[in-house]
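The block underneath contains the structure these notes are about, expressed in structure tokens.
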Amino acid sequence: MRPKRFLSVLAISVAMVLLAATTAQAQITAEKVIGGPGLQLRPFGNGTYYSWESNSKSRPNHYDAFARLVGGTDVIKLNAPKTQGFAGNFDPGTNTVVYQQTVGGSSDIYLYDLDTSTRTKVPGASASVVWEWAPRISSSYLLFSIDKYVRGAWQTSVVIMDRNTQSMKRIGKWSEAKTAVIPGGVGETYATFSTCGRVNCTAFLYTIAGGQVQRVPTPSGKIAFAGVVDETSGVLYFMRSGLTCGSNSGLWSLPVTSLSDAPTKLAVLPRGEDADIIMSLAPDPTTLNGIDVLFEHVVCGSSLSSWDIYRFPNVNL
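Numbering-wise, the sequence shown is residues 286 to 602 according to the working numbering.
Spelled out as structure tokens, the structure:
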């Protein structure tokens with residue numbers, strides 16, 4: 286089994302800009318959270334810690350998963366020595382991170398407990414014959430992708446696993462040659478994922494109980510991606526753009542129960558800046574009940590080493 290992961294939809298030729306605003310004027314300004322040399326990718330947080338992954342200039346093809354206290358400087362490496370690691374989110378109500386750990390031709394899903402500094406393989410989510418990656422966790426479910434070689438071609442499936450029964454359900458299957466697929470997030474009611482081809486991206490909402498897949502509506506010539514749901518308020522957050530990097534890329538929202546409503550524009554990035562396909566929600570560390578959207582920030586036209594972790598703060602306030 287070959288090593289597999291997605292760094293960026295931009296890296297496979299999709300670039301992004303925002304639809305000209307027809308809704309409220311954006312009020313939220315993006316702020317840098319984690320920077321440094323190399324790529325800073327896949328940001329997640331629980332209000333106490335951040336998790337993410339990074340490479341280095343000396344080892345551009347090697348990635349490790351990390352965590353650190355919000356406002357802290359000491360970095361904790363999640364994956365074991367002599368492996369690579371790719372970050373996931375936090376098990377709700379804990380300081381435990383789900384992440385992907387790879388070595389050679391093997392890729393499995395692990396949990397790292399930051400309180401005890403211990404790592405364990407997720408029961409039921411790992412098998413030697415497939416490549417599991419991009420895990421997202423909730424109290425009841427695990428969402429992740431599986432790559433498998435079928436009849437001479439690679440296929441990517443997005444699956445959801447019940448953590449109690451370890452039963453799995455496939456949400457969808459795609460040919461890797463035509464489509465990049467990445468899980469977004471998972472809760473107790475909804476999950477999200479995005480697909481990207483050569484010229485377009487689409488954000489999807491999955492209702493767990495009924496198995497319903499809904500496409501986030503997008504005007505002709507525009508794309509939507511990186512959807513995440515705040516189940517407390519019933520709001521879906523997502524990025525919307527066109528096909529040119531760095532032209533008014535921004536954040537939008539919709540009520541999760543009515544995707545046909547007109548979306549609300551919450552934030553716009555400065556010209557020449559953009560976001561990649563990974564986005565997550567995290568408690569704001571300085572504001573009571575505030576929610577931040579964490580995302581991979583891109584400076585268009587520059588080297589990949591310019592990617593850092595940013596946040597849209599307090600998107601719900």
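We put the beta carbon where it would ideally sit given N, CA and C, even for glycine.
Inter-residue CB distance, residue i and residue j (contact presumed, cutoff 8 Å)
i, j, result
"Met-446", "Val-513", "Between Val-513 and Met-446 the Cβ distance is about 19 Å, and since that is not below 8 Å, they are no contact."
"Ala-410", "Ile-467", "Actually they are not in contact, since the Cβ atoms of Ala-410 and Ile-467 sit about 17 Å apart, beyond 8 Å."
"Asp-559", "Ser-534", "4 Å"
"Thr-464", "Thr-477", "Thr-464 to Thr-477, Cβ: 16 Å. No contact."
"Ala-509", "Thr-487", "6 Å"
"Leu-326", "Ser-341", "Not really, about 13 Å apart at Cβ, beyond 8 Å."
"Asn-380", "Pro-568", "Actually they are not in contact, since the Cβ atoms of Asn-380 and Pro-568 sit about 13 Å apart, beyond 8 Å."
"Ser-505", "Tyr-522", "Going by Cβ atoms, the distance from Ser-505 to Tyr-522 rounds to 22 Å, so no, they are not a contact pair."
"Val-605", "Ile-394", "Lying outside 286 to 602, the shown extent of the chain, residue 605 is not represented and no answer is given."
"Ile-361", "Leu-399", "7 Å"
"Ile-594", "Ile-319", "4 Å"
"Ile-313", "Pro-540", "The pair is not a contact, with the Cβ atoms about 19 Å apart (cut-off 8 Å)."
"Val-443", "Val-407", "Contact doesn't hold; Cβ gap of about 16 Å is too wide."
"Gly-469", "Ala-438", "Not confirmed; about 25 Å, so no contact."
"Val-471", "Tyr-426", "5 Å"
"Gln-440", "Glu-461", "6 Å"
Residue i, buried or exposed, once every other Cβ within 10 Å from all chains shown has been counted against 16
i, result
"His-347", "exposed"
"Gln-451", "exposed"
"Ala-494", "exposed"
"Ala-372", "buried"
"Glu-316", "exposed"
"Thr-503", "buried"
"Gln-273", "In the structure displayed, the chain extends from 286 to 602; residue 273 sits before or after that span and is not available."
"Ala-352", "buried"
"Asn-364", "buried"
"Pro-328", "buried"
"Leu-602", "exposed"
"Thr-308", "Residue placement at Thr-308 cannot be trusted, given a pLDDT of 41 that sits under 50; what the coordinates show is reported in the next sentence. Exposed, because fewer than 16 other Cβ atoms sit within 10 Å of the Cβ of Thr-308."
"Ser-392", "buried"
"Gly-370", "buried"
"Lys-367", "exposed"
"Asp-561", "buried"
"Leu-573", "exposed"
"Cys-585", "buried"
heavy atom of the ligand SAM below 7 Å from residue i C-beta
i, result
"Ala-509", "No copy of the ligand SAM occurs in the structure displayed, which carries no ligand at all."
Residue i - containing beta strand (DSSP E), residue span
i, result
"His-347", "Run containing His-347: none; DSSP gives neither H nor E here."
"Gly-535", "535–540"
"Ala-465", "465–471"
"Arg-525", "520–526"
"Gly-370", "369–375"
"Lys-406", "403–406"
"Arg-500", "497–500"
"Ala-511", "508–515"
"Ile-394", "391–398"
"Thr-381", "381–388"
Simplified DSSP assignment, three categories, for residue i
i, result
"Ser-591", "helix"
"Gln-312", "coil"
"Gly-320", "coil"
"Arg-353", "strand"
"Gly-330", "strand"
"Pro-420", "strand"
"Cys-481", "strand"
"Val-299", "Caution applies to Val-299, whose pLDDT of 35 falls short of 50 and renders its modelled position unreliable; the model cannot decide the point."
"Leu-551", "strand"
"Thr-307", "Only weak support is given to the placement of Thr-307: the predicted model assigns it a pLDDT of 37, under 50, and the question is left unresolved by the model."
"Ala-410", "coil"
"Cys-486", "strand"
"Thr-503", "coil"
"Phe-461", "At residue 461 the sequence reads Glu, which differs from the Phe that was named. Three-state DSSP puts Glu-461 in coil, outside helix and strand."
"Ala-560", "strand"
"Leu-573", "coil"
"Ile-361", "strand"
"Leu-544", "coil"
"Ile-456", "strand"
"Ala-476", "strand"
"Glu-529", "Per the sequence presented here, residue 529 reads as Thr, with Glu not at that position. Looking at Thr-529 - three-state DSSP - the assignment turns out to be coil, as it is neither helix nor strand."
"Ala-438", "strand"
Beta bridge counterpart(s) of residue i as assigned by DSSP
i, result
"Gln-451", "Bridge partners of Gln-451: none, in fact."
"Val-578", "Leu-566, Phe-597"
"Ser-430", "Trp-418, Val-443"
"Ser-336", "Phe-329, Ala-352"
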